[in-house]
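To keep things clear, I will list the structure first and then write my remarks on it.
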Amino acid sequence: MASEQQLINAYRDVVGAWQRGIRQYPAVVFDDRDVVYGTADVAKAIALREQNRS
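Note that my numbering has the sequence shown beginning at 28, numbered continuously upward.
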């Protein structure tokens, strides 16, 4: 079961994403500027981000 602090942190992350304009999920945010939609898998998001930079 999630601790109270884990719930607070999760809520804070969701609010932060909402404030940055993230309206679709799943999504991974990098450095508050790059967003990869369609996956919550960080390794996959990193690969997709690098693929799109090329």
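Note that beta-carbon positions come from the ideal geometry of N, C-alpha and C, so glycine has one too. Everything numeric in this text was worked out from a predicted model, so none of it was measured.
Could you give the uninterrupted runs of the alpha helix (DSSP H) lying entirely in the region 29-67, keeping only those of 4 residues or more? Runs of the alpha helix (DSSP H) inside the region 29-67: 31-46.
Within 10 angstroms of its Cβ, does V41 collect 16 or more other Cβ (buried), or is it exposed? One-based indexing of the sequence shown puts residue 41 at position 14. So V41 counts as exposed.
The ligand NAP and Y52: does any heavy atom of the ligand fall closer than 7 Å to the residue's C-beta? Here there are no bound small molecules, and the ligand NAP is not part of this structure.
How about Y38 and A54: are their beta carbons less than 8 Å apart? Taking the sequence shown and counting its residues from 1, the one referred to as residue 38 is at position 11. Taking the sequence shown and counting its residues from 1, the one referred to as residue 54 is at position 27. Judged by beta-carbon spacing, A54 lies beyond the 8 Å limit of Y38, meaning their Cβ atoms are not closer than that value.
Among the candidates R76, A67 and Y52, whose CA atom is the shortest distance from the CA of R60? For this step, residue 60 is matched to residue 33 along the sequence shown. Nearest to R60 by alpha-carbon distance, out of R76, A67 and Y52, is R76.
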